[in-house]
Amino acid sequence: MSTIPRDSAGLGRTGTLGDRMAVPGVTDIRTPVPTIYGDWTARFGDAWKTQVEQLRAKFGDAIEEVRMPGDAPTDVPIVYVKKALITEVLRFAKDEAGFEYAFLADLTAIDEGVDAAPRFEVVYNLFSMSRKWRIRFKCRVPDGEEVPTAVDVWTGANWAEREVWDMFGIRFTGHPDLRRVLMDERWVGHPLRKDYPLKGYQVFTTPMEVDLKVLED
Amino acid sequence: MASVIHELSGPPKPGQTSDNYTVLHDPDDLWDDARVIVNIGPTHPAMHGALRTVAKLNGETIEKSYSEFGYTHRAKEKLGENRTYHQFIVYTDRLNYCSALINNVTYAMAVERLMGVEVPPRAIWIRMICCELARVIDHLICVGINAVDLGAFSFFLYGFHQREEAYTLIEKLCGARLTTSYTRIGGLMYDAPEGWEKEVKEWAKRTRTVIDEMNKLLTTNRIWLDRTVGVGVFNKEQCMAYSWSGPAARAAGIDHDLRRDAPTMYYKDVEFDVPIGKNGDVFDRYLIRLEEIRQSLNLVSQCADRLKPGPIWSEDKRCRIPDKSVVYNSMEGMIHHFKFFMEGFEVPEGEAYTMFEGANGEIGFYIVSKGSPRSHRMRIRGPSVWHFQGLDPMVKGSKIGDLVAALGSINVIAGELDR
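Chains as they are written, first to last, in my numbering: chain A, 1 to 217; chain B, 218 to 636.
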């Protein structure tokens, strides 16, 4: 969390203007910002600790880093996994008793910036229908490298991974049908990368043809 | 020259020619090997929005199909990284435009969670009424359009009358009917006018009788039953594999509702039932939606009863837009206003996935903030993407006409699908 002194105009800029703007009776927001991330920690904090210990015991070095809600600004634990083992970890989290994260709430990616190394993070937001808790797995991916697919674990990860390929240019090893999903197949570049311009229009004058190969058995 | 066909003795032989045609295939195999590729959409009245499905048919049976979307892709996630948190509110309207208020509320909750802003109770109760109004509207559209697709037009008109009245209630709140942009970070744009909650309750009462009439009109109709029972079946395991949520998953027997299981706002303090289906077919989804409308109408009345006068916006000066009296009468207020709109407010570093039970399923905003007025990553999890992905496995092996019924029942909204 940022410790920069914030001015009371609420803009977070340092300066003297805010001192003159202080209004009696209004909370001074330069005091540390209270977060309501903790709304789930009280309910699931112990379960999460046990789960993280189990993961570390089972996968050892493959668990690179764990960020717990109390220590880092996050709502649920973030478990960083080495990308080679991500499928195994996801399957374990899905099937193992005490985890039961059977519902893939979301699969997406984050571009940390052109200069960041490794540049991308692939994010798996999981939810447990039976226990009502959530967790987030991430794996760090350098530009140009592939991630093992999660389609074997959840069939529905198919389109989400296609979207990650479409938007970020991260390929998934073992994916059955890795085509673009939102953009045209002839599109150049990946729009959600930080170095892709906001108005990076590309115009096609002909429609995309029906892909008969997809319809073959 | 239709008479030519009748003059033929027996089926035509390969190579046999007529004035109009040459027979190319072996006619005995016509329904076994001959396949027709049918392209439905992106502009087709039976497709809900700009969607496209290409199906390989054997006779009328779908052997394999694939679906495409993205025709109305507006790069909302990219815009989320290039607009301030306040500016992005209007973009959330255009996700699921049938229930824009739910998107507004969920987005506001997501940012408030990152900032640690407490919203005053009156704002939360109004937000809950808004969410349930939007849910009723969305369900009325879904069941209505689903019935229109299958030929039951008058059913749709019953629902649309109530829908228009609900939009009038929303118009009284914020001046807009469809794209509301009603919530603000930390509160609401305007307070509800005097007597609004009374009107809401009257509307809920009227709508309840209309729902009963709709139920009588269609639920036991022979044609409707024939077209929906056992059609578009998606069972529990498939729903979990494809991450289905909301009414479509509940129709298959998944006992899951985020309003009950991960309660936000004041959903802990109100009473409602979660209807669960059994077969996961089009008919079950229809029944679930009808029952959810009734539950939402109860919720609306409960919330309206508990609406007390009070502030509708958090006092937190980071996110509250200064009053016009302050803006026009003091230099500091003017600067505050200017900086709020020109630079935006900063959200502390952190990340959170905030979800809410939308009308179609789990709507989620995964926001990663690096401490600037613009988000680092704004991921929108729309339920329609995951539902639409299940369409092809769902209709495999069924008739082409059932595709329309199945698509209508999962209520895919293109705005949310394409983002």
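Cβ coordinates follow ideal geometry from the N, Cα and C atoms, glycine included.
>> Below 8 Å, how does it come out for the stretch 541-561 of chain B and the stretch 517-529 of chain B: are there three or more Cβ pairs, yes or no?
In response: Segment contact: the stretch 541-561 of chain B against the stretch 517-529 of chain B, fewer than three CB-CB distances shorter than 8 Å; contact not assigned.
> In chain order, what residues of the stretch 457-470 of chain B put their CB closer than 9 Å to some CB of chain A?
Replying inline: MET457, ALA458, TYR459, SER460, TRP461, SER462
>> In this structure, how does DSSP classify LEU326/B when only helix, strand and coil are distinguished?
In response: One point to set straight first is that residue 326/B is Met, not Leu, in the sequence displayed. MET326/B falls in the helix class under three-state DSSP.
> How about LYS193/B and ARG636/B: do their beta carbons lie closer than 7 Å?
Replying inline: As shown, chain B starts at 218 and ends at 636. That puts residue 193/B outside it, with no answer to give.
> If you draw a straight line from the C-alpha of LEU212/A to the C-alpha of LEU608/B, how long is it?
Replying inline: Per the coordinates, the alpha-carbon of LEU212/A lies some 18 Å from the alpha-carbon of LEU608/B.
>> Can you list, in chain order, the residues of its chain with a C-beta nearer than 7 Å to that of PHE168/A? Leave out the 5 residues immediately preceding and following it.
In response: Sequence-distant partners of PHE168/A (beyond 5 residues in either direction) whose C-beta falls short of 7 Å from its own C-beta, in its chain, are ALA109, ASP111, PHE120, HIS190, LEU192, ARG193.
>> Taking the alpha helix (DSSP H) that PHE136/A belongs to, which residues open and close that run?
In response: A small correction: the amino acid at residue 136/A is Arg; Phe does not occupy that position in the sequence shown. Careful: ARG136/A lies outside any alpha helix (DSSP H), inside the beta strand (DSSP E) at 134-141.
>> Residues of chain B with CB closer than 9 Å to the CB of PRO73/A, please, in chain order.
In response: LEU331, PRO565, GLU566, GLY567, GLU568, ALA569, SER586
> If you count every other CB in all the chains shown that lies within 10 Å of the CB of GLU216/A, and 16 or more means buried, which is it?
Replying inline: exposed
>> Short of 8 Å in beta carbon distance, which residues of its chain neighbour LEU656/B, apart from the five on each side in sequence? Order them along the chain.
In response: Any question about residue 656/B goes unanswered here, given that chain B covers just 218 to 636.
> So is GLY266/B in contact with chain A if we call contact Cβ pairs under 7 Å?
Replying inline: no
> From the beta carbon of ILE170/A, is the nearest beta carbon of chain B less than 7 Å away?
Replying inline: no
> Thinking C-beta only, is GLY632/B closer than 7 Å to LEU374/B?
Replying inline: no
> Counting contacts by CB-CB distance shorter than 7 Å, is TRP154/A in contact with chain B?
Replying inline: yes
>> Would the stretch 442-453 of chain B count as touching the stretch 568-578 of chain B if we require 3 or more Cβ pairs under 8 Å?
In response: no
>> With three or more beta-carbon pairs closer than 8 Å as the criterion, would you say the stretch 141-154 of chain A touches the stretch 596-604 of chain B?
In response: no
>> Helix, strand or coil for THR571/B? Go by DSSP, reduced to three states.
In response: strand
> So, does the CB of LYS132/A fall closer than 7 Å to a CB anywhere in chain B?
Replying inline: yes
> Using 7 Å as the limit for Cβ to Cβ distance, is LEU192/A near chain B?
Replying inline: The Cβ of LEU192/A sits closer than 7 Å to at least one Cβ of chain B.
> Which of the residues in the stretch 90-106 of chain A, read from start to end, lie with their CB under 8 Å from any CB of chain B?
Replying inline: ALA102, PHE103, LEU104, ALA105, ASP106
>> Contact criterion: CB-CB distance below 7 Å. Does LYS418/B meet it with respect to chain A?
In response: No, no contact with chain A.
> Should ILE110/A be flagged as near chain B, meaning a C-beta pair shorter than 7 Å?
Replying inline: Taking Cβ atoms only, chain B reaches closer than 7 Å to ILE110/A, which makes this a yes.
> Cα separation between THR287/B and ILE538/B?
Replying inline: Note on identity: in this sequence residue 287/B is Gly, with Thr being the wrong assignment. The straight-line gap from Cα to Cα measures roughly 35 Å.
> How big is the Cα-Cα spacing for LEU296/B and SER398/B?
Replying inline: Distance between the alpha carbons of LEU296/B and SER398/B: 16 Å.
> PHE500/B to GLN512/B, Cα distance in whole Å?
Replying inline: Going by C-alpha positions, PHE500/B is about 19 Å away from GLN512/B.
>> Between which residues of its own chain and VAL181/A is the CB-CB distance below 7 Å, once the five residues before and five after are set aside?
In response: TRP159, ARG162, GLU163, ASP166
> Anyone know if the C-beta pair for ILE493/B and ARG467/B falls short of 7 Å?
Replying inline: yes
> Relative to the C-alpha of LEU395/B, which residue among THR385/B, GLY404/B, ARG591/B is closest?
Replying inline: THR385/B
> Could you give the residue range of the beta strand (DSSP E) that holds ARG394/B?
Replying inline: That residue, ARG394/B, is in no beta strand (DSSP E); it is neither H nor E in DSSP.
>> Just to confirm the assignment, what range does the alpha helix (DSSP H) spanning ILE562/B have?
In response: Sequence inspection shows Phe at residue 562/B; the Ile mentioned does not correspond to that position. Where PHE562/B is concerned, there is no enclosing alpha helix (DSSP H), given that its DSSP letter is neither H nor E.
>> Quick check on the burial criterion: 16 or more other C-beta atoms within 10 angstroms. Buried or exposed for ILE362/B?
In response: Classification for ILE362/B: buried.
> In whole angstroms, what separates the C-alpha of PHE370/B from that of ASN432/B?
Replying inline: Straight-line measurement puts the Cα of ASN432/B at about 14 Å from the Cα of PHE370/B.
>> Tell me which residue opens and which closes the beta strand (DSSP E) that ASP195/A is part of.
In response: No beta strand (DSSP E) holds ASP195/A; DSSP gives it neither H nor E.
>> Taking CB distances under 7 Å as the criterion, tell me whether GLY227/B reaches chain A.
In response: Reliability fails at GLY227/B, whose pLDDT of 46 lies under 50, so the model's placement of it is uncertain and the value that follows must be treated cautiously. With 7 Å as the cut-off, GLY227/B does not count as an interface residue toward chain A.
> If you draw a straight line from the C-alpha of ILE565/B to the C-alpha of ASN577/B, how long is it?
Replying inline: At residue 565/B the sequence reads Pro, which differs from the Ile that was named. Approximately 31 Å between the Cα atoms of the pair.
>> What residue range does the beta strand (DSSP E) around GLU145/A cover?
In response: No beta strand (DSSP E) contains GLU145/A, which DSSP labels as neither H nor E.
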